[in-house]
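This report refers to the structure that appears directly beneath it.
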Amino acid sequence: MREYKLVVLGSGGVGKSALTVQFVQGIFVEKYDPTIEDSYRKQVEVDGQQCMLEILDTAGTEQFTAMRDLYMKNGQGFALVYSITAQSTFNDLQDLREQILRVKDTEDVPMILVGNKCDLEVERVVAKESGIGLARQWNSCRLPGDLSQEQINVNEIFYDLVRQINRRVQFQGKLAKSPPVNFSEDSFSAHLTDNQPTNQPITPHLPAGHAPLTQPCHRQHPPPLTSVPVTTTSPTPTPPGPHHTV
Numbered sequence: 001m002r003e004y005k006l007v008v009l010g011s012g013g014v015g016k017s018a019l020t021v022q023f024v025q026g027i028f029v030e031k032y033d034p035t036i037e038d039s040y041r042k043q044v045e046v047d048g049q050q051c052m053l054e055i056l057d058t059a060g061t062e063q064f065t066a067m068r069d070l071y072m073k074n075g076q077g078f079a080l081v082y083s084i085t086a087q088s089t090f091n092d093l094q095d096l097r098e099q100i101l102r103v104k105d106t107e108d109v110p111m112i113l114v115g116n117k118c119d120l121e122v123e124r125v126v127a128k129e130s131g132i133g134l135a136r137q138w139n140s141c142r143l144p145g146d147l148s149q150e151q152i153n154v155n156e157i158f159y160d161l162v163r164q165i166n167r168r169v170q171f172q173g174k175l176a177k178s179p180p181v182n183f184s185e186d187s188f189s190a191h192l193t194d195n196q197p198t199n200q201p202i203t204p205h206l207p208a209g210h211a212p213l214t215q216p217c218h219r220q221h222p223p224p225l226t227s228v229p230v231t232t233t234s235p236t237p238t239p240p241g242p243h244h245t246v
């Protein structure tokens, strides 16, 4: 069974823990208890495939932001949560996304934008259009809709991240299977040999009305090199003496 590491990020008090517990345990937590780090595991079926989700509920308070790099490095998919009742939590998401892209060193990161607390519609300060516009600006990021304690779209958040991760893995697998381009010297030489014979007669193409040549045309080769005598000088030999044999 394949495992997926999902991370829930956002400012303090946006409802990250309530969202995670609602998905894992099916209950809604009304009391706010600041989180340092909680990890949950749940087996689900997504598109007919059994998956084990490991969900990390992270801290949103400032004193624990130094731990985010580690979360982002190990995570495969990210849910960025804001509260529709607090504009500052929406504004903080841009910095969070940029930090994720910096740590992962890629623009292709499975990510989903989550507007939480839609049951407090009368207190809404972040318009739906703002969330939709930000998701489009981020291109690859999706906005499933506002969430509330009625569990609207809660499951879809984590299922969508699983699907994004699967698509990314499949795409990377296709790239890995693509045959490399061979620029080796042997293949280059073979290409030249196959396409440029050096000692075959060439039959020229003549315009209509011209008689063909009586002899095939051959490529011209330079004349072979001939040996040239080399003259050297040496001192005049000494005439043989009585003990020399000529």
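Each residue of the sequence shown is one higher than the last, beginning at 1 in UniProt numbering. We put the beta carbon where it would ideally sit given N, CA and C, even for glycine. Note that the structure is predicted; figures quoted are calculated from it, not measured.
Contact the stretch 88-105 vs the stretch 10-30: 3+ CB pairs below 8 Å
yes
Rounded straight-line distance, which links the Cα of residue 3 to that of residue 166
Taking the first residue of the sequence shown as position 1, residue 166 is located at position 166. Taking the first residue of the sequence shown as position 1, residue 3 is located at position 3. When rounded, the distance between both Cα atoms is 11 Å.
Mind checking whether residue 287 and residue 114 have CB atoms under 7 Å apart?
The first residue shown for the chain is 1 and the last is 246, placing residue 287 beyond what the model contains.
Kindly indicate the opening and closing residues of the alpha helix (DSSP H) around residue 136.
Position 136 of the sequence shown, counted from the first residue, corresponds to residue 136. Element bounds for residue 136: 128-137.
Going by alpha carbons, who is nearest to residue 104 out of 49, 21, 131 and 69?
Residue 104 sits at position 104 when you count from the first residue of the sequence shown. Taking only the C-alpha atoms, the option nearest residue 104 is 69.
Can you give me the Cβ contacts of residue 150 inside the same chain, cut-off strictly under 6 Å, excluding the 5 residues immediately before and after it?
For this step, residue 150 is matched to residue 150 along the sequence shown. Confidence at residue 150 is low in this model, with a pLDDT of 49, below 50, so the placement of that residue is unreliable and no value is reported for it.
Taking DSSP's pairing of strands, which residues face residue 116 in a bridge?
Here residue 116 corresponds to residue number 116 of the sequence shown, with the count starting at 1. For residue 116, which the question treats as bridged, DSSP gives the partners 83.
Restricting to Cα atoms, I'd like to know which of 76, 126, 37 and 48 is closest to residue 169.
Indexing the sequence shown from 1 puts residue 169 at position 169. Selected option, being the one with the closest Cα: 76.
Does DSSP put residue 124 in a helix, a strand or coil?
In the sequence shown, counting from the first residue as 1, residue 124 sits at position 124. Note: residue 124 maps to coil in three-state DSSP.
Opening and closing residue of the alpha helix (DSSP H) in which residue 69 lies
On the sequence shown, residue 69 is found 69 positions in, with the first residue counted as 1. Residues 68-74.
In this structure, does DSSP put residue 160 in helix, strand or coil?
Taking the sequence shown and counting its residues from 1, the one referred to as residue 160 is at position 160. Note: residue 160 maps to helix in three-state DSSP.
Distance, residue 54 Cα to residue 24 Cα
The residue given as residue 24 occupies position 24 in the sequence shown. The residue given as residue 54 occupies position 54 in the sequence shown. Those two C-alpha atoms are separated by around 10 Å.
Given that a residue counts as buried once 16 or more other Cβ atoms are within 10 Å of its Cβ, and exposed if not, what is residue 131?
Mapped onto the sequence shown, residue 131 falls at position 131. Buried, by the Cβ-count rule.
Beta-carbon separation of residue 83 and residue 57 under 7 Å?
For the purposes of this step, residue 83 is taken as residue 83 along the sequence shown, with counting starting at 1. For the purposes of this step, residue 57 is taken as residue 57 along the sequence shown, with counting starting at 1. Taking 7 Å as the Cβ cut-off, residue 83 and residue 57 do not qualify as a contacting pair.
Residue(s) in a DSSP beta bridge with residue 27
Along the sequence shown, read from residue 1 onward, the residue named residue 27 stands at position 27. DSSP, once it has assigned bridges, lists no residue as partnering residue 27.
For a test of the three-state rule: what should DSSP assign to residue 14, helix, strand or coil?
Stepping through the sequence shown from its first residue, residue 14 is reached at position 14. Reduced to three states, the DSSP call for residue 14 is coil.
Take residue 109 as the anchor and find which of 48, 153 and 98 has the nearest alpha-carbon.
For the purposes of this step, residue 109 is taken as residue 109 along the sequence shown, with counting starting at 1. Considering only alpha carbons, the answer is 98.
For residue 5, which residues in the same chain have their Cβ closer than 8 Å to its Cβ, ignoring the five residues on either side in sequence?
Reading the sequence shown from its first residue, position 5 is the one you call residue 5. Within the same chain, residue 5 has close Cβ partners 54, 56, 74, 75, 76 and 77.
Have a look at residue 45 and residue 126 and give me their C-alpha separation to the nearest angstrom.
Position 45 of the sequence shown, counted from the start, is the residue given in the question as residue 45. Position 126 of the sequence shown, counted from the start, is the residue given in the question as residue 126. Rounded to whole angstroms, residue 45 to residue 126 spans 33 Å at the Cα level.
Given a threshold of 16 other Cβ atoms within 10 Å of its Cβ, counted over all protein chains shown, does residue 27 qualify as buried or as exposed?
Position 27 of the sequence shown, counted from the first residue, corresponds to residue 27. Under this definition residue 27 is an exposed residue.
Going along the chain, which residues of its own chain have a beta-carbon closer than 6 Å to the beta-carbon of residue 42, five neighbours each way excluded?
Along the sequence shown, read from residue 1 onward, the residue named residue 42 stands at position 42. Answer for residue 42: 24 and 53, listed in chain order.
Quick check on residue 37: does DSSP put it in helix, strand or coil?
Within the sequence shown, the letter at position 37 stands for residue 37. Three-state DSSP puts residue 37 in a strand.
For the beta strand (DSSP E) that contains residue 57, what are its first and last residues?
Taking the sequence shown and counting its residues from 1, the one referred to as residue 57 is at position 57. First-last of the beta strand (DSSP E) with residue 57: 49-58.
For residue 7, is the classification buried or exposed, using 16 other Cβ atoms within 10 angstroms of its Cβ as the cut-off for buried?
Residue numbering aside, residue 7 sits at position 7 when the sequence shown is read from its first letter. Result: buried.
Quick one: residues in its chain with C-beta nearer than 7 Å to the C-beta of residue 155, no 5 flanking neighbours on either side, listed in chain order?
For this step, residue 155 is matched to residue 155 along the sequence shown. These residues qualify, in order along the chain: 23.
Let me know the secondary structure DSSP gives residue 98 once reduced to three states.
Locating residue 98 in the sequence shown gives position 98, where the first residue counts as 1. Residue 98: helix per DSSP, three-state reduction.
Grouping DSSP H, G and I as helix and E and B as strand, with all else coil, what is residue 21?
Position 21 of the sequence shown holds residue 21. In this structure, residue 21 counts as helix in the three-state DSSP scheme.
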